[in-house]
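Before any comments, here is the structure.
In my numbering, the protein residues as written are 252 to 381.
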């Protein structure tokens, strides 16, 4: 797999996608035959990392981080879908039915990345009935 840009960004955390794409790109990476390589490095403040430093970060590391990021995004969407419960509870001063169940459900969502590392494996908790 080709994760050169992600590996470089992991090594040099001040870099953003804009450094590699668009009008402000100062670093050019190309993929030739499924292999990424740096063609040009003209960044003013960040020195080009060595090939050995880049290669020390495995594709699996990048893929695992991507999977957790996707899991968190889905988890955050599920939490956002239940924000109404917290808002209603605060507005009505403790009168939301089954609030303890909703609170438990939301905590289970927040804790999901302690157990699962990929959307493919996750078993989502069941939301309480309204």
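Backbone N, C-alpha and C define an ideal beta-carbon position, used for all residues, glycine too. What you are looking at is a predicted structure, and each value in this text was computed from that prediction instead of being measured.
Task: For residue 349, three-class secondary structure by DSSP - done: By 1-based counting over the chain shown, the position of residue 349 is 98. Residue state, collapsed to three classes: coil.
- [ ] Identify the continuous alpha helix (DSSP H) that holds residue 338 and give its terminal residues.
- [x] In the chain shown, residue 338 corresponds to position 87, counting from 1. For residue 338, the uninterrupted alpha helix (DSSP H) segment begins and ends at 334-342.
Open item on the list: Once the 5 residues before and after residue 373 are set aside, which same chain residues still bring their CB inside 7 Å of it?
Closed with: Here the question's residue 373 lines up with position 122 in the chain shown. Result list for residue 373: 322, 363, 367, in chain order.
- [ ] Below 6 Å CB to CB, which residues in the same chain sit around residue 352 once its five sequence neighbours on both sides are set aside?
- [x] Numbered from its first residue, the chain shown carries residue 352 at position 101. Excluding positions up to five away in sequence, the list reads 379.
Open item on the list: Check for me: the alpha helix (DSSP H) holding residue 303 runs from which residue to which?
Closed with: On the chain shown, residue 303 is found 52 positions in, with the first residue counted as 1. In the DSSP assignment, residue 303 falls within the unbroken alpha helix (DSSP H) covering 302-307.
Task: Backbone CA spacing between residue 356 and residue 290 [nearest angstrom] - done: Here residue 356 refers to the residue found at position 105 of the chain shown. Here residue 290 refers to the residue found at position 39 of the chain shown. For residue 356 and residue 290, the gap between their C-alpha atoms comes out near 49 Å.
Task: Closest Cα partner of residue 285 within the set 319, 255, 335 - done: Residue numbering aside, residue 285 sits at position 34 when the chain shown is read from its first letter. Closest option to residue 285, Cα to Cα, is 255.
TODO: Below 7 Å CB to CB, which residues in the same chain sit around residue 315 once its five sequence neighbours on both sides are set aside?
DONE: Stepping through the chain shown from its first residue, residue 315 is reached at position 64. Residues 368 of the same chain have their beta carbon placed closer than 7 Å to that of residue 315, with the five preceding and five following residues left out of the count.
Task: Terminal residues of the beta strand (DSSP E) in which residue 283 lies - done: Along the chain shown, one-based indexing puts residue 283 at 32. Boundaries of the beta strand (DSSP E) around residue 283: 278-283.
Task: Whole-angstrom distance between residue 332 and residue 308, CA atom to CA atom - done: Counting from one through the chain shown, the residue named residue 308 turns up at place 57. Counting from one through the chain shown, the residue named residue 332 turns up at place 81. The alpha-carbon of residue 308 is positioned some 36 Å away from that of residue 332.
TODO: For residue 268, name the three-state secondary structure that DSSP assigns.
DONE: Position 17 of the chain shown, counted from the start, is the residue given in the question as residue 268. Residue 268 carries a helical assignment under DSSP once its states are collapsed to helix, strand and coil.
Task: Extent of the continuous alpha helix (DSSP H) to which residue 262 belongs - done: Numbered from 1 along the chain shown, position 11 holds the residue referred to as residue 262. Secondary structure note for residue 262: its alpha helix (DSSP H) is the uninterrupted segment 255-262.
Task: Coarse secondary structure for residue 286, derived from DSSP in three states - done: Within the chain shown, residue 286 is the residue found at index 35, counting from 1. DSSP places residue 286 in the strand class (E or B) of the three-state scheme.
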